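*Asks:*
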């Protein structure tokens, strides 16, 4: 059985997903494409052997669409998710779930009301071989019980301008999610510390920022985010445990010695670093749909939790104070499988 | 269009290929399985949704087989290849092409006589992300013109006993192939040097061995092979060029500090190291079949050249002398695409 | 001219210094030793060709003592320094300058009153080849203007029991000093964050702790201190600048592959890591005394500043709040050389 | 007691030694300097507080010279050593012992006839912390019994022109010595393989070269020497043993990320890499002289053995054949201490 996917959004990430579904993932095809830019939609549809429709609603309604991939602008996610949940269509939605906590809550409530999990959220780092190896270290055979987590997250540049709150919502949100998955724990509090800005930071904004969280279980988490780091794209995560320490780097294969330097290349952009995570995320989703198995990725609950901590982080940034993170009780629908 | 593959051989490597074709590669399915061990064939066929047939010839003859994957014992490859070439079926054959140079030559002659390339040979390192990055360094923007190549190839143990000639035919043959691909050059001579044996080497055998080759273009190649290295499986390749040096390691993501040591895990076996190469090799093969494009991997000519240099290396090992490697002219069928 | 040094304190660190002065440093000898434990003093004196005296005062008074090295218990430093300053004898004093800010202030006032710098303080990391290379990166040719500093400081065990305040005064104090030297900046504020304790942390104490400082110039500094990290001794410092990032590791020479792991040894104790820094610190001090040049290491002012920030950090730890760090104006005696 | 050293030769290496003896090494001073270039001699003598004499013989004859350091041109070593041996003066002589095997033999015979060891030879790598750590791995607790040794030796450029035989006598001679020390074994045979030359290699010369040796105990040794490697100075040594593998790199402390690359600097010249080895070599020599202990470095026998293998390597290079290395029996004077 081939899963026929309808794709909403033919930008960079929608295109990457569609090409993967059409050419790389086993058991999937792209049947329908929609994008507000009709030319972009047509180009992608031609490339993957799909047809173009005029609205997101038509994607959800199409007979030849078994599941929908949402890669539309962030602001459209909540409405499209609510629409799809109403129709009972399986969805893989790019992060974020919604741009406000209220909208995220509405999506959560709708899925809970539906009584079954239909939505997987695109926090692809959960499928990254590096993070998976790191998580595998958090056992007695590895580094023991995690106590401290330190993240480095660098972008080379901020091509559309730098606004610190967006740095929290779009960039640090990946670490907000990955810690919950890595530690299997929720957040208790968050602080956002700002300091000396880099030379390309606009007046009134801050970059780098240092986010310090504490989990309910007491683990301290530091996140160094720097959106205009100049030197390249880099994601590093170090976990210190009761018996040892594990660091996730970049899986470089080749070291070059040239011109009085020996080292590895750093990418300029993130797509290459996480290409395998994107592939595995889609394959896992398609496999779950084909076998009617549990969704392997982030849930609506995870998306809601991310929205809550992002909201608290923005509050912490604005006030300079530590902010307590309060989550409601997790609906039973999201209980871990026994 | 889905390529329906018939699989001959349901051992470790045949099983890995079949699972990839059925579950991971886009555009392929496994329709038929044969193995001399009927229980093993049935188990694999059930897992991948295929049926079992009683002979290799039935695999080739089946109407629902578009292409054949040969993963039978080495000694059966040549006969099965000749059979498939006679029928004009596309084949992906595990290395080696044949166990004697004469048989390899017969396969080469048959494919040349057929007038088209039907066979891809499973030298999967050509698809490995590490080797691909290394090859990309061999330019003026990278390390310049290659002058020296040094290989490290370690196995942990030799589970079925150690015979030095098999170490050359089964283990070093990967380096014999990869140098030709990396350097786009043929061999001029080969030496095999033996020294102090490791503690687990049987009397009369040698391990480690040092193979030194020179290419027609003059590049010196050292291969350190150690089949009972105890410490783990490891493949490293260092190329020194006119402007710099590049080393391919293992793409480790996670470094662990524990018990007064900081480092990375080494695998015990090779399959994990080259899992991605196996996947990409199959995807490339299936894509070529679906689009009627050129085969992206090693050719029968490459398999024949490997057989020739293995034969010379065995001669060099037996005599302790440098042996000249003589290849006939390459048939025009194997000319690189313009 | 040979500088004849009197050594007060024949414990581990006093012994290491005395052996260096007698055997490794050019231009110095040890003439006199004092320790409250007479046997220990005698043993060391015999080894380095010195004589034993019965009190610290006798060391300062001896005719054959050109300079004094103080390696007595921390609580004795201030009194001995004040005594030596009164006599005008050059002193190299192990850190800390004093155990209270008031005592540190008294020593500072005394040296300022004397009108000349007589005391060098043993913050040996300023002489470490690793830190020196790191500092050399903080230029436009290197990583640019420093914006973020992240420290890892691990001890294997806390042999005499763990008290968190001592972790700040004895362990983190090294980072407190090294940032001032690295950044050429003072502190504006300090926070001490505690979380989930490791399994060997006594009730009521915290380990690891995360110290976050901000410099007057705005640089954010994170210090992860873990006194019972189990896995080994480790000091790492990462500086992120406006153009790049530099990480100081441990200068390991040898990587070992064995038993399915490839990596480097971690030391159990710190002395080996900083052996070269200790040697260079003493050589620099002796050279300055021989040539009547400026003292090359940390000053009394640096020791006083460390005492102030330690006091603030303890306050921050006790209250859980951010504490502003207030330093008086730096006396002109400590102005950098023009 | 201070050892007063007379220095013959005030070039780069003689100057470095003299400055170390005067300023860094404990227990030594430089009393006399001689160089054919009187200006150079005077400059160095002024710097280290010594006087200038007009000939090497005057250095040996001076009353205020306890020991002599020979850093004259290679061709003068043998005559100066014979002169010094006649006078019974302790000598530290830069490598090589002599430029011909016959002259090396004459020095050996003279020292043997004198009945005591007076000469230490400046193979400083035996004092390098990296090589010392590597040697410490060659035990059952480490990598076990050594089986294979692989060396990388790169120079950036060949400033005075490239002659392949000089590459063997001046550059590879360090590896020739270090293997004997590392393995505590002698050579049985040597081959020199040449291949494709780098772009700066003069016609008729070869660079890189690959030297393959076998020890009497059977260990295979590969040495990749490249005198015009362009990318920097680099010395790497990898030993594969019966239980594991150890690699000696460069002890880098700082890794820099900048401009899409993360790595370490490579030096342009060797002096920095081996600065600590030079210091420890001199300190060990001075300590031996002060305590009348055994000389800790390479002996005249080691220098003679190096001359023999260099001679064989040149023969192997000229003929393209494997050459057996024959050493006479080691005189009892050079028996290892019991």
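Protein chains in written order, with the working numbering: chain A, 39 to 376; chain B, 39 to 376; chain C, 39 to 376; chain D, 39 to 376. Just so you know, even glycine gets a beta-carbon here, dropped at the ideal spot from N, CA and C. This structure is a prediction, so every number in the text was calculated from the model and none was measured.
Check for me: the alpha helix (DSSP H) holding residue 36(B) runs from which residue to which?
*Replies:* Missing from the structure shown is residue 36(B); chain B here goes from 39 to 376 and no further.
*Asks:* Return yes when the Cβ of residue 191(A) is within less than 8 Å of the Cβ of residue 263(A), no when it is not.
*Replies:* Yes, the pair counts as a contact, with Cβ atoms nearer than the cut-off.
*Asks:* So what's residue 93(B) in DSSP terms, helix, strand or just coil?
*Replies:* Three-state DSSP puts residue 93(B) in coil, outside helix and strand.
*Asks:* Pull out every residue of the region 310-336 of chain C whose Cβ sits closer than 7 Å to any Cβ of chain B, in chain order.
*Replies:* So the list is empty, because no residue satisfies the distance condition.
*Asks:* Going along chain D in order, which residues have a C-beta closer than 7 Å to the C-beta of residue 181(C)?
*Replies:* What residue 181(C) touches in chain D: 294, 296.
*Asks:* Please report the distance separating the alpha-carbon of residue 284(C) from that of residue 277(C).
*Replies:* Using only the alpha carbons, I get a separation of about 5 Å.
*Asks:* Determine the extent of the alpha helix (DSSP H) in which residue 53(A) is found, giving its start and end residues.
*Replies:* Segment 50-57, the alpha helix (DSSP H) holding residue 53(A).
*Asks:* Of all Cβ atoms in chain D, is any one closer than 8 Å to the Cβ of residue 63(C)?
*Replies:* Closer than 8 Å to some Cβ of chain D, the Cβ of residue 63(C) qualifies, so yes.
*Asks:* Using only alpha-carbon positions, find the residue among 305(B), 289(B), 147(B) that is nearest to residue 292(A).
*Replies:* The option with the nearest alpha carbon to residue 292(A) is 289(B).
*Asks:* Under 8 Å by Cβ, that's how I've got residue 389(D) and residue 110(D) pegged, so tell me the actual separation to the nearest angstrom.
*Replies:* There is simply no residue 389(D) to check, as chain D begins at 39 and stops at 376 in what is shown.
*Asks:* Within 8 Å of any Cβ in chain D, is that where the Cβ of residue 302(A) sits?
*Replies:* Yes, its Cβ sits closer than 8 Å to a Cβ of chain D.
*Asks:* Residues of chain C with a CB under 7 Å from the CB of residue 43(D): which are they?
*Replies:* Ordered by position in chain C, no residue passes the 7 Å Cβ test against residue 43(D), which lies about 13 Å from the chain.
*Asks:* For residue 238(B), tell me which candidate among 193(B), 84(B), 174(B) has the shortest Cα-Cα distance.
*Replies:* Among 193(B), 84(B), 174(B), the Cα nearest to that of residue 238(B) belongs to 193(B).
*Asks:* Measuring CA to CA, which of 339(B), 231(B), 312(B) is closest to residue 273(B)?
*Replies:* Nearest C-alpha to residue 273(B): 312(B).
*Asks:* Just grab the DSSP bridge partners of residue 264(A) for me.
*Replies:* Per DSSP, 192(A).
*Asks:* Can you list, in chain order, the residues of its chain with a C-beta nearer than 6 Å to that of residue 347(D)? Leave out the 5 residues immediately preceding and following it.
*Replies:* 214, 225, 363.
*Asks:* Shorter than 8 Å from the beta carbon of residue 278(D) to some beta carbon of chain B?
*Replies:* It does: the Cβ of residue 278(D) has a partner Cβ on chain B nearer than 8 Å.
*Asks:* If you measure beta-carbon to beta-carbon, which residues of the region 229-242 of chain B are closer than 7 Å to chain D?
*Replies:* Answer set for the region 229-242 of chain B: 231, 233, 234, 236, 237.
*Asks:* For residue 282(A), return the contacting residues in chain B, with the cut-off set at a CB-CB distance below 8 Å.
*Replies:* In chain order: 294, 295, 296, 297.
*Asks:* From which residue to which residue does the alpha helix (DSSP H) around residue 212(D) run?
*Replies:* Here the alpha helix (DSSP H) through residue 212(D) covers 211-221.
*Asks:* Going by alpha carbons, who is nearest to residue 53(C) out of 102(C), 42(C), 78(C)?
*Replies:* It is 78(C).
*Asks:* Beta-carbon of residue 262(D) versus every beta-carbon of chain A: anything under 8 Å?
*Replies:* Output row for residue 262(D): interface = no.
*Asks:* Chain D partners of residue 270(A), CB-CB under 9 Å?
*Replies:* Result: 295, 296, 297, 298, 299, 300.
*Asks:* Per DSSP, which residues does residue 249(C) bridge with? Please list them.
*Replies:* Paired residues: 230(C), 261(C).
*Asks:* Less than 8 Å between the beta carbons of residue 221(B) and residue 253(B), yes or no?
*Replies:* Against a cut-off of 8 Å, the Cβ pair of residue 253(B) and residue 221(B) comes out as a contact.
*Asks:* Can you tell me whether residue 225(A) is helix, strand or coil according to DSSP?
*Replies:* DSSP places residue 225(A) in strand when its eight states are reduced to three.
*Asks:* Of all Cβ atoms in chain B, is any one closer than 8 Å to the Cβ of residue 250(D)?
*Replies:* True, the Cβ-Cβ gap to chain B drops below 8 Å.
*Asks:* Could you work out which residues of chain C lie near residue 213(D), taking near to mean beta carbons separated by less than 9 Å?
*Replies:* The premise fails here: residue 213(D) is roughly 17 Å from chain C at the closest Cβ pair, so nothing lies under 9 Å.
*Asks:* Residue 250(A) and residue 257(A) - do their beta-carbons sit closer together than 8 Å?
*Replies:* Not a contact, by the Cβ cut-off of 8 Å.
*Asks:* Measuring straight from C-alpha to C-alpha, what distance separates residue 118(D) and residue 108(D)?
*Replies:* Roughly 8 Å separates the two Cα atoms.
*Asks:* Give the straight-line distance between the Cα atoms of residue 322(C) and residue 319(D), rounded to the nearest whole angstrom.
*Replies:* So the alpha carbons of these two residues sit roughly 21 Å apart.
*Asks:* Please report the straight-line C-alpha distance between residue 99(C) and residue 116(C), rounded to a whole angstrom.
*Replies:* C-alpha separation (whole angstroms): 17 Å.
*Asks:* What does DSSP give as the partner residues of residue 293(C) in its beta bridges?
*Replies:* Partner(s): 285(D).
*Asks:* Helix, strand or coil: which one does DSSP assign to residue 121(C)?
*Replies:* The answer is helix: DSSP assigns residue 121(C) an H, G or I state.
*Asks:* State the beta-bridge partners of residue 107(B) as determined by DSSP.
*Replies:* Beta-bridge pairing links residue 107(B) to 45(B), 130(B).
*Asks:* At what residues does the alpha helix (DSSP H) containing residue 306(C) begin and finish?
*Replies:* From DSSP, residue 306(C) is part of no alpha helix (DSSP H); its letter is neither H nor E.
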